[in-house]
Every structure is written in structure tokens, then in C-alpha cells.
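Visitor: So the sequence lines, in the order shown, correspond to chains R and U.
Here this note's numbering is used: the first residue of the first sequence is 34, the next is one more, and so on.
Here this note's numbering is used: the first residue of the second sequence is 2, the next is one more, and so on.
For reference, the structure I am asking about is given below.
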Amino acid sequence: MNDRYKSDEIILSFLVVDDDNTNRLILETMLRKLGLSVYSATNGKEAIESYETHRQDMILMDVMMPVMDGYQACMSIKKCYSDQFIPVIFITAISDDQSLSKCIECGGDDFLTKPFNNIILKAKINALSRTSMLYKIINQKNEEMRVIHSRLQHEHELAENIFSKINTPPSTESESIKYILSPQSISSGDILMYLDSNGHQYAMLGDFTGHGLSAAIGAIPTTDIFYKLARRNYRIDVIAMEISQKLNEVLPTGLYCAACIIDIDNNDGTLSILNAGIPDALLLLRNASDLQKFKSSNLPLGIKGSQNSGFEIATTKITDDGSLYIYSDGVTEATNTENIMLGQEILEQLILSSRGPESFEKLTRRIEEFRSSDEQDDDITIAEILIKKPSNTTRRNHSSFSSNWKIELHFDNEALKKDKPTGVIINTIRQHIDSTNITHNNNLLTIISELLNNEIDHGILRLESSLKDGKDGFDIYRKERNKKLAGIVDQYIDITISIISSNTGNILTVLLSSSSEANYPEVDSIDVDPLKPYGRGLFIIKQLCESFSFDNDNKSVSLVYKW
Amino acid sequence: MIQMTLLCQNTIDRLQEATGDVFHEILDIYLKDAQKNLESIIASLLSHDTEKLLRLAHTLKGSSRNVGAIELSDLCESLEMDLRNGEHSNLDQRVNLISSSFENTLPLLQGYIKP
Numbered sequence: 034m035n036d037r038y039k040s041d042e043i044i045l046s047f048l049v050v051d052d053d054n055t056n057r058l059i060l061e062t063m064l065r066k067l068g069l070s071v072y073s074a075t076n077g078k079e080a081i082e083s084y085e086t087h088r089q090d091m092i093l094m095d096v097m098m099p100v101m102d103g104y105q106a107c108m109s110i111k112k113c114y115s116d117q118f119i120p121v122i123f124i125t126a127i128s129d130d131q132s133l134s135k136c137i138e139c140g141g142d143d144f145l146t147k148p149f150n151n152i153i154l155k156a157k158i159n160a161l162s163r164t165s166m167l168y169k170i171i172n173q174k175n176e177e178m179r180v181i182h183s184r185l186q187h188e189h190e191l192a193e194n195i196f197s198k199i200n201t202p203p204s205t206e207s208e209s210i211k212y213i214l215s216p217q218s219i220s221s222g223d224i225l226m227y228l229d230s231n232g233h234q235y236a237m238l239g240d241f242t243g244h245g246l247s248a249a250i251g252a253i254p255t256t257d258i259f260y261k262l263a264r265r266n267y268r269i270d271v272i273a274m275e276i277s278q279k280l281n282e283v284l285p286t287g288l289y290c291a292a293c294i295i296d297i298d299n300n301d302g303t304l305s306i307l308n309a310g311i312p313d314a315l316l317l318l319r320n321a322s323d324l325q326k327f328k329s330s331n332l333p334l335g336i337k338g339s340q341n342s343g344f345e346i347a348t349t350k351i352t353d354d355g356s357l358y359i360y361s362d363g364v365t366e367a368t369n370t371e372n373i374m375l376g377q378e379i380l381e382q383l384i385l386s387s388r389g390p391e392s393f394e395k396l397t398r399r400i401e402e403f404r405s406s407d408e409q410d411d412d413i414t415i416a417e418i419l420i421k422k423p424s425n426t427t428r429r430n431h432s433s434f435s436s437n438w439k440i441e442l443h444f445d446n447e448a449l450k451k452d453k454p455t456g457v458i459i460n461t462i463r464q465h466i467d468s469t470n471i472t473h474n475n476n477l478l479t480i481i482s483e484l485l486n487n488e489i490d491h492g493i494l495r496l497e498s499s500l501k502d503g504k505d506g507f508d509i510y511r512k513e514r515n516k517k518l519a520g521i522v523d524q525y526i527d528i529t530i531s532i533i534s535s536n537t538g539n540i541l542t543v544l545l546s547s548s549s550e551a552n553y554p555e556v557d558s559i560d561v562d563p564l565k566p567y568g569r570g571l572f573i574i575k576q577l578c579e580s581f582s583f584d585n586d587n588k589s590v591s592l593v594y595k596w
Numbered sequence: 002m003i004q005m006t007l008l009c010q011n012t013i014d015r016l017q018e019a020t021g022d023v024f025h026e027i028l029d030i031y032l033k034d035a036q037k038n039l040e041s042i043i044a045s046l047l048s049h050d051t052e053k054l055l056r057l058a059h060t061l062k063g064s065s066r067n068v069g070a071i072e073l074s075d076l077c078e079s080l081e082m083d084l085r086n087g088e089h090s091n092l093d094q095r096v097n098l099i100s101s102s103f104e105n106t107l108p109l110l111q112g113y114i115k116p
């Protein structure tokens with residue numbers, strides 16, 4: 034016989050209720066011999082008390098007992114624990130029809146007649162325990178589900194919280210961008226960022242494949258890197274590479290971020306678009322008859338290997354005022370009541386027909402009208418970035434500097450120790466440059482300070498960047514630097530900086546030589562390891578400069594930066 | 002009078018099989034409790050406490066059936082039913098029958114305890 038009432042996980046327990054010693058001992062013995070655990074009570078009241086303490090799986094109950102009879106005890110227990118299945122087998126005489134029906138009325142599940150027969154008892158227990166076990170398992174699963182559900186709920190709330198903190202949409206005060214960001218951004222995984230930085234307008238729309246927590250996890254470094262690098266006017270392919278590398282690290286396989294990153298350089302009127310898996314960005318200039326489309330030409334960010342091949346940027350000259358539209362696929366995939374998708378073509382028509390004043394309001398109203406009252410898929414993210422044609426009197430025709438100039442500085446051993454050459458030079462140049470042209474000023478200062486820092490740290494002091502690895506790496510590095518700097522002997526740096534301005538632009542030339550005997554790397558080999566928080570100095574210079582070269586014989590560096 | 006079977010062989014065999022080493026203890030307890038029960042039955046008969054008599058007969062009926070004392074159990078059941086139905090005649094005689102049935106069954110069961 035298959036003993037279903039006994040399993041590896043659960044041993045059923047029994048409560049035997051009978052005032053007669055013989056009957057009780059017989060039942061207890063029979064049940065114990067079946068390997069079950071047994072509790073006893075001699076009347077209904079004791080039975081209730083025992084059940085409250087031990088919660089047995091099944092009850093064998095005599096009817097006629099002193100203090101409280103079996104009917105009352107059964108009713109009381111069944112009423113108190115109505116959410117559970119507690120089988121009660123009444124011990125009764127089969128001859129008494131009246132008491133049989135009363136047993137059923139008060140919730141009895143089966144009967145056992147005397148003389149007790151262990152085979153019949155076993156069969157009855159088997160039948161009831163099957164049901165009981167099922168209840169038990171279901172209850173266990175329910176409890177597990179409840180715990181899992183509440184944990185999920187908690188995680189979702191946490192994710193939502195993180196996401197809403199991270200995904201602070203562009204300030205509505207900015208007149209250069211108008212947008213609708215999906216109110217269900219946590220479930221759609223859309224993020225939108227915008228930054229005005231040194232004459233550049235940066236924008237990024239991201240659409241995470243994973244929703245909820247994974248989108249929140251991805252959103253943290255994405256917004257962080259975007260704002261950090263945009264503020265420093267990094268090229269958008271570098272921004273994309275950094276974000277992609279980071280997402281590759283933090284997001285599970287199969288989750289990634291489709292994105293479109295925009296850089297509008299108002300200094301020279303260039304629009305750069307990096308589209309990685311987002312529907313076509315659409316540019317509508319005032320003087321143009323049709324939309325200019327910027328298709329996705331990159332893998333989404335965070336896909337393994339997407340950063341290896343580099344990111345492709347599309348650029349165009351801004352010949353007139355206009356609007357650039359970026360949107361997530363929630364827009365083109367929006368459906369109307371007939372379940373027909375809006376689609377790319379209709380969206381383009383809507384954009385064209387919404388031209389003119391309040392174009393964005395018109396456009397979004399029309400999209401809403403198309404969607405009619407379907408509130409179900411409310412995950413639309415769309416932004417319009419207003420583009421201004423650069424004024425005719427662009428600064429590029431004017432010198433940023435009051436005049437052409439050249440400075441030559443020599444730092445001897447003691448000056449290198451005490452004077453902090455980078456600070457001295459930066460302060461000197463600051464006094465000579467046009468403070469209105471912030472982008473290029475920043476570039477100038479970046480080039481010179483990175484060059485000098487590189488020369489001192491890696492040339493003269495021969496410090497290894499890898500010291501910065503690890504938890505306290507930067508701290509260790511700084512201490513080592515101070516130690517080495519205090520001990521230098523017979524070291525020097527010569528630097529010549531000149532700026533020549535003409536109608537066609539400005540040229541910065543820097544020549545640097547020093548006592549360092551360290552070899553410079555091949556310029557071509559200079560690259561950035563996105564995994565490391567350092568080692569970007571020379572890479573940035575290489576990126577920014579027209580020419581950049583080393584002469585390992587003379588231990589000198591020369592570079593040219595034009596604007 | 003029809004000769005009734007005192008002990009149901011089948012029941013007692015099954016009980017022994019099902020309870021094993023506890024079997025002797027069960028019979029021992031039964032015999033002691035049945036003895037006490039019978040004394041109470043006689044006492045309640047003398048005090049005309051029919052309600053108590055009914056309950057005692059019910060109890061003795063149940064445990065007797067379990068150990069296979071089938072004649073004793075049937076006599077108790079018959080008394081219980083009649084009392085339930087308000088039939089109070091010949092109570093002395095019926096209690097005597099129960100008492101003598103127990104006396105006859107006792108040695109048979111004792112035989113199981115000490116073979």
C-alpha cells in the first residue's frame with residue numbers, strides 16, 4: 034500500500050479524542066505503528082486545547098464524552114480554523130443513524146466504527162491525508178508566494194524610487210526642449226536627459242530593454258556618465274562608449290539600452306547624432322521641404338562588443354532654425370482602437386503637418402487623438418529639441434584673444450617641487466583668453482593641464498597609473514606622488530605656449546621638453562581603457578588636437594589645436 | 002436461550018496483529034476499566050440513575066466491541082437503546098446478564114494476556 038500520509042517532508046500528526054482508556058490506547062497504538070505522531074485528549078475541551086497548541090493534521094473524535102462532547106469540539110475547531118482543512122473522523126456506532134447525521138452536520142469528514150480495524154483506519158487516513166497534504170502544500174506554496182510577492186513588490190517600489198530619482202527629466206524651464214516622458218517610465222524603461230554645456234546642447238533618449246529593476250540599475254550609471262561627460266564637452270561617441278561599457282558590466286546578458294545621443298554645437302552650427310537602436314531621429318529645418326532622417330547605425334548600448342567597433346556619428350550643418358525629434362518605439366508602436374499601429378510614416382506626416390507655432394503641442398495632441406482612449410500602453414516618450422541657426426556674426430571670425438601671444442616658461446627643480454606648474458600656467462593663460470568662448474577655453478586648459486600632469490607624473494616622477502587600481506588607489510597614488518616629488522633632483526620642464534589668431538581661426542601651439550628620460554608611447558597606440566578610471570589624459574589630447582607628436586630623442590612634445 | 006458467541010476470534014486476532022507488543026496492555030486496561038464500569042452500573046441501578054446507567058452502558062459497549070467481547074457489547078447496546086427509548090423494564094435482569102457475560106468473557110481474555 035502506498036502510504037501517502039507519510040512523506041519525507043511532512044509527517045502527519047493525529048489527535049485522538051476518547052474518554053475510554055481502552056479505545057484511546059488502541060487507536061494511539063494503531064496510529065503509532067503506522068509511523069504517525071499522536072496526541073491524546075479525553076474530552077472535547079481537552080481536544081480544543083491540544084489542537085490550539087499542536088495543530089494536528091487529523092482528529093479522531095469520540096462522540097459521547099464528559100465535559101464536552103465530540104460534536105461541540107468538532108464544530109468549535111472547524112469554526113475557529115475555517116481557512117484550513119482539518120479532517121475529523123468521528124468514532125461512532127454505525128447503528129445510530131441519528132448520531133451519524135449529526136456528525137455530518139457539525140463538520141465531520143468520516144466515521145470509524147468499533148471494533149477498530151487498522152486496515153479500514155489506514156484506508157480512511159490515506160483518503161483524507163491526500164486532501165490534507167494537498168491543503169498543506171498549497172498553504173506552503175501560498176506562503177512562499179506571499180513572501181516572494183511582497184519581496185518583488187518591495188523591489189519594484191525600490192526600483193521605481195531609484196528610477197524616479199535618477200530619471201530627473203530635463204528642466205521645463207529650458208526653452209530648447211519640449212518632451213513627453215512616459216509616466217510609466219519604470220515599466221517602459223525610458224530615460225531622457227538634456228544639458229546645455231558651453232555652447233553645446235546635449236540630449237539623450239534611452240530605452241532599456243529590461244524594465245523595472247534592471248532599467249533602474251542601468252539608469253544610474255547612464256545618467257551619471259552622460260551628464261559628467263557632456264558637461265566636459267566630450268564627443269558623443271566617447272559618451273556612448275563609456276555608457277555602453279558600463280552597461281555591459283552592470284546589466285545582465287540580454288538587457289541593453291537603445292539610445293540616441295545628440296550634440297548640437299552652436300559655436301560652429303553642427304548637429305551630431307549618434308543613433309543606437311532608436312527609431313529614426315527626425316530633423317525639420319524651417320527652410321526644408323522634408324524631414325531629414327537619422328537612422329540607427331549602431332548596436333544598442335550595453336551589448337557585448339558594441340563598443341569594440343566604435344560608434345558612428347552622423348553630422349549635418351545647421352543651415353536654418355528647426356526642430357529635431359527623438360522618440361522611443363512606444364510612439365511608432367502606439368495603437369488605435371482598431372489595433373492599428375501609428376507607424377513611422379504617419380508619425381512623419383504628423384510632424385510635417387504640425388509645423389509652425391506650437392508644433393510640439395499640436396504633434397502630441399494628434400498622437401493622443403490617434404491613440405484615442407487606449408490608456409493601456411501609455412509608454413510614449415518623445416522630445417522636440419529646438420535648433421537655432423548660428424548667428425552670422427559667429428565668434429569664429431573673431432579672435433578669442435586680445436592679441437597673438439607667446440609665453441615661455443622654465444621650471445627648475447625647486448619650482449617643480451613648490452610652484453605647481455600646472456596651476457601657474459593655467460592662471461597665466463586665463464588672464465589672456467576671451468572668457469565668452471567657454472568651450473574652447475576649456476579645451477585649451479584641458480590640453481595644457483593634461484599634458485603637464487602627464488609629463489610630471491609619468492615622465493619625471495615615473496609613476497605607474499596602475500597604482501590607482503583598487504579601492505584606495507587614488508589615495509595611494511597621491512601619497513606616492515607627493516613622496517617622489519619631494520625627492521627630485523636636477524629636474525626641469527620647459528614649455529612654450531603660443532596663440533595665433535587670424536580671420537580663419539585660432540591656433541594654439543605647445544612645445545614641451547623636460548629632463549625626463551621616460552619614453553612616450555606611440556601616438557597611434559594611445560587609447561582609452563574604459564574599464565579604468567584613469568589613463569585618459571593623452572587620449573583626450575589626441576582627440577582634441579589637430580596634431581600631436583612626440584620626439585623621443587629630444588624628449589619633447591608638440592601639439593597644435595585649432596578653432 | 003440461543004447460545005451466543007462470547008468472543009469474536011477475528012476481532013481479537015486483528016487487534017493483536019495491529020497493536021503487537023501493546024496488545025497485552027490494552028487487554029489489561031480493558032479488563033480493569035470494564036470491572037470498574039460494571040461496579041458503577043450496578044451502583045447506578047441501585048440508585049435508579051438511568052441517565053448514568055445509559056452512559057456507562059454506552060462506554061462498556063464501545064470498548065467491549067473493540068476487544069471482541071461481542072456478547073457483552075451487544076447486551077450493553079441493547080440496554081443503551083432501550084434506555085434511550087424510555088424502556089425501563091427488567092433493568093435488574095439485564096444488568097445481571099451483562100454482569101455474567103463479563104464474568105464469562107474475563108477468563109477468555111485473561112488467557113490472551115498470560116497464555
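Yeah, the Cβ is synthetic: ideal placement off N, Cα and C, and Gly gets one too.
Leaving out the 5 sequence neighbours to the left and right, which residues in its chain are closer than 6 angstroms to I528(R) when beta-carbon positions are compared?
Guide: Residue 528(R) sits at position 495 when you count from the first residue of the first sequence. So the qualifying residues of the chain are L442, L545.
Visitor: Please tell me whether Y31(U) has its Cβ less than 8 angstroms away from any Cβ of chain R.
Guide: Translated into the one-based positions of the second sequence, residue 31(U) becomes position 30. Yes, its Cβ sits closer than 8 angstroms to a Cβ of chain R.
Visitor: So, is the C-beta of N159(R) closer than 8 angstroms to a C-beta in chain U?
Guide: By 1-based counting over the first sequence, the position of residue 159(R) is 126. Taking Cβ atoms only, chain U never reaches closer than 8 angstroms to N159(R), which makes this a no.
Visitor: Mapping DSSP to helix, strand and coil, what is V71(R)?
Guide: Within the first sequence, numbered from 1, the residue matching residue 71(R) stands at position 38. Three-state result, V71(R): strand.
Visitor: Output the distance between the C-alpha atoms of I440(R) and I480(R), rounded to the nearest integer angstrom.
Guide: Counted from its first residue, the first sequence places residue 440(R) at position 407. Counted from its first residue, the first sequence places residue 480(R) at position 447. Cα-Cα distance, rounded: 16 angstroms.
Visitor: Give me the chain R residues within the contact set of A44(U), using Cβ-Cβ distance strictly less than 7 angstroms, ordered along the chain.
Guide: Taking the first residue of the second sequence as 1, we reach residue 44(U) at position 43. None at all; the shortest Cβ gap to chain R is about 17 angstroms.
Visitor: Can a CB atom of chain R be found closer than 8 angstroms to the CB of T51(U)?
Guide: Your numbering for residue 51(U) matches position 50 in the second sequence. So, not an interface residue.
Visitor: How far does the alpha helix (DSSP H) with N539(R) in it reach, from first residue to last?
Guide: Taking the first residue of the first sequence as position 1, residue 539(R) is located at position 506. Note, N539(R): premise wrong, no alpha helix (DSSP H); beta strand (DSSP E) at 538-547.
Visitor: Using alpha carbons as the reference points, say which of R95(U), L84(U), E18(U), G87(U) lies closest to E72(U).
Guide: The count along the second sequence starts at 1 and reaches residue 72(U) at position 71. In terms of Cα proximity to E72(U), the closest of R95(U), L84(U), E18(U), G87(U) is R95(U).
Visitor: Give me the chain R residues within the contact set of D34(U), using Cβ-Cβ distance strictly less than 9 angstroms, ordered along the chain.
Guide: The sequence position of residue 34(U) within the second sequence is 33, counting from 1. Simply D53, N54, T55.
Visitor: Can you give the beta carbon distance from V556(R) to S582(R), rounded, assuming they're within the 8 angstroms contact cut?
Guide: Within the first sequence, the letter at position 523 stands for residue 556(R). Within the first sequence, the letter at position 549 stands for residue 582(R). V556(R) to S582(R), Cβ: 6 angstroms. Contact.
Visitor: Residues of chain R with a CB under 7 angstroms from the CB of N95(U): which are they?
Guide: As a position in the second sequence, residue 95(U) is number 94, starting the count at 1. It is worth fixing the name first, because residue 95(U) is Arg in this sequence and not Asn. Within chain R, no residue comes near R95(U); the closest Cβ sits about 18 angstroms away, beyond 7 angstroms.
Visitor: When burial is assigned at 16 or more other CB atoms within 10 Å of the CB, is I276(R) buried or exposed?
Guide: Taking the first sequence and counting its residues from 1, one reaches residue 276(R) at position 243. Buried, since its Cβ has 16 or more Cβ neighbours within 10 Å.
Visitor: Whole angstroms are fine: how far does the CA of H189(R) sit from the CA of T20(U)?
Guide: Here residue 20(U) refers to the residue found at position 19 of the second sequence. Here residue 189(R) refers to the residue found at position 156 of the first sequence. Rounded to whole angstroms, T20(U) to H189(R) spans 58 angstroms at the Cα level.
Visitor: Which residues of chain R have a Cβ atom closer than 9 angstroms to the Cβ of S64(U), listed in chain order?
Guide: Walking along the second sequence from the start, residue 64(U) turns up at place 63. Near S64(U) (Cβ distances below 9 angstroms), the residues of chain R are D53, N54, T55, N56, I59, K147.
Visitor: Please name the residue, chosen from V522(R), L496(R), I526(R), that lies closest to P454(R) on a Cα-to-Cα basis.
Guide: Your numbering for residue 454(R) matches position 421 in the first sequence. The candidate whose alpha carbon is nearest that of P454(R) is I526(R).
Visitor: Given this structure, state the Cα-to-Cα distance separating I415(R) from F118(R), to the nearest angstrom.
Guide: On the first sequence, position 382 is the one that residue 415(R) refers to. On the first sequence, position 85 is the one that residue 118(R) refers to. Going by the C-alpha atoms only, they are around 55 angstroms apart.
Visitor: Where does the unbroken beta strand (DSSP E) through L225(R) begin, and where does it stop?
Guide: As a working mapping, residue 225(R) is identified with position 192 in the first sequence. Segment 223-230, the beta strand (DSSP E) holding L225(R).
Visitor: Should H59(U) be labelled buried (16 or more other beta-carbon atoms within 10 Å of its own) or exposed?
Guide: Residue mapping note: residue 59(U) aligns to position 58 of the second sequence, counting from 1. Buried is the call here.
Visitor: Is K66(R) close to chain U? Criterion is C-beta to C-beta, closer than 8 angstroms.
Guide: Position 33 of the first sequence, counted from the first residue, corresponds to residue 66(R). For K66(R), the answer is yes, since a Cβ of chain U falls inside 8 angstroms of its Cβ.
Visitor: Identify which residue in I43(U), G69(U), E88(U), E78(U) has its Cα closest to the Cα of N97(U).
Guide: Position 96 of the second sequence, counting from 1, holds the residue named residue 97(U). Among I43(U), G69(U), E88(U), E78(U), the Cα nearest to that of N97(U) is on I43(U).
Visitor: By the criterion of Cβ-Cβ separation under 7 angstroms, what are the contact partners of T60(U) in chain R?
Guide: Walking along the second sequence from the start, residue 60(U) turns up at place 59. Within 7 angstroms Cβ-Cβ: D53.
Visitor: Are there 16 or more other CB atoms within 10 angstroms of the CB of Q409(R), so buried, or fewer, so exposed?
Guide: Position 376 of the first sequence holds residue 409(R). With a pLDDT of 49 at Q409(R), under the threshold of 50, the modelled position of this residue cannot be trusted; read the value that follows with caution. In the assembly as shown, Q409(R) is an exposed residue. Its beta-carbon has fewer than 16 other beta-carbons within 10 Å.
Visitor: Roughly how many angstroms separate the alpha carbons of L93(R) and E79(R), rounded to a whole number?
Guide: Translated into positions along the first sequence, residue 93(R) becomes position 60. Translated into positions along the first sequence, residue 79(R) becomes position 46. Roughly 13 angstroms between the two C-alpha positions.
Visitor: Using the DSSP secondary-structure output, state which residues sit across from W438(R) in a beta bridge.
Guide: Position 405 of the first sequence, counting from 1, holds the residue named residue 438(R). According to DSSP, W438(R) bridges with I532(R).
Visitor: Which residues, taken in chain order from the segment 85-110 of chain U, show a beta carbon closer than 8 angstroms to some beta carbon of chain R?
Guide: none
Visitor: Whose CA, out of E81(U), Q17(U), L107(U), lies closest to the CA of T62(R)?
Guide: For the purposes of this step, residue 62(R) is identified with residue 29 of the first sequence, where counting begins at 1. Looking at the Cα atoms, Q17(U) is the closest of the given residues.
Visitor: Indicate whether G251(R) and V271(R) have their beta-carbon atoms separated by less than 8 angstroms.
Guide: Taking the first residue of the first sequence as 1, we reach residue 251(R) at position 218. Taking the first residue of the first sequence as 1, we reach residue 271(R) at position 238. Taking 8 angstroms as the Cβ cut-off, G251(R) and V271(R) do not qualify as a contacting pair.
Visitor: Counting only Cβ-Cβ distances shorter than 9 angstroms, please list the residues of the segment 69-102 of chain R near chain U, keeping chain order.
Guide: Cβ contacts with chain U: D95, M97, P99.
Visitor: Against I27(U), what residues of chain R qualify as contacts under a CB-to-CB distance less than 8 angstroms, listed in chain order?
Guide: On the second sequence, position 26 is the one that residue 27(U) refers to. Near I27(U) (Cβ distances below 8 angstroms), the residues of chain R are T55, L58, I59, T62.
Visitor: Can you grab the Cα-Cα spacing for the pair R15(U) / L60(R), in whole Å?
Guide: Locating residue 15(U) in the second sequence gives position 14, counting from the first residue. Locating residue 60(R) in the first sequence gives position 27, counting from the first residue. Their Cα atoms are separated by approximately 13 angstroms.
Visitor: Three-state secondary structure (DSSP) at N308(R)?
Guide: Within the first sequence, the letter at position 275 stands for residue 308(R). Of the three classes helix, strand and coil, the one that applies to N308(R) here is strand, per DSSP.
Visitor: Does the beta-carbon of K328(R) have 16 or more other beta-carbons within 10 angstroms, so that it is buried, or is it exposed?
Guide: Numbered from 1 along the first sequence, position 295 holds the residue referred to as residue 328(R). Exposed, by the Cβ-count rule.
Visitor: Can you tell me whether H431(R) is helix, strand or coil according to DSSP?
Guide: On the first sequence, residue 431(R) is found 398 positions in, with the first residue counted as 1. Legend: pLDDT at H431(R) = 40, less than 50; position of this residue unreliable, value from coordinates given subsequently. Coil at H431(R), not helix or strand.
Visitor: Hey, could you find the ends of the beta strand (DSSP E) D296(R) is sitting in?
Guide: Locating residue 296(R) in the first sequence gives position 263, counting from the first residue. Start and end: 290-298.
Visitor: Measure the Cβ-Cβ separation of M91(R) and N76(R) and say whether it is below 8 angstroms.
Guide: Start at 1 with the first residue of the first sequence, and residue 91(R) comes out as number 58. Start at 1 with the first residue of the first sequence, and residue 76(R) comes out as number 43. It is not a contact, given that the beta carbons lie outside the stated cut-off.
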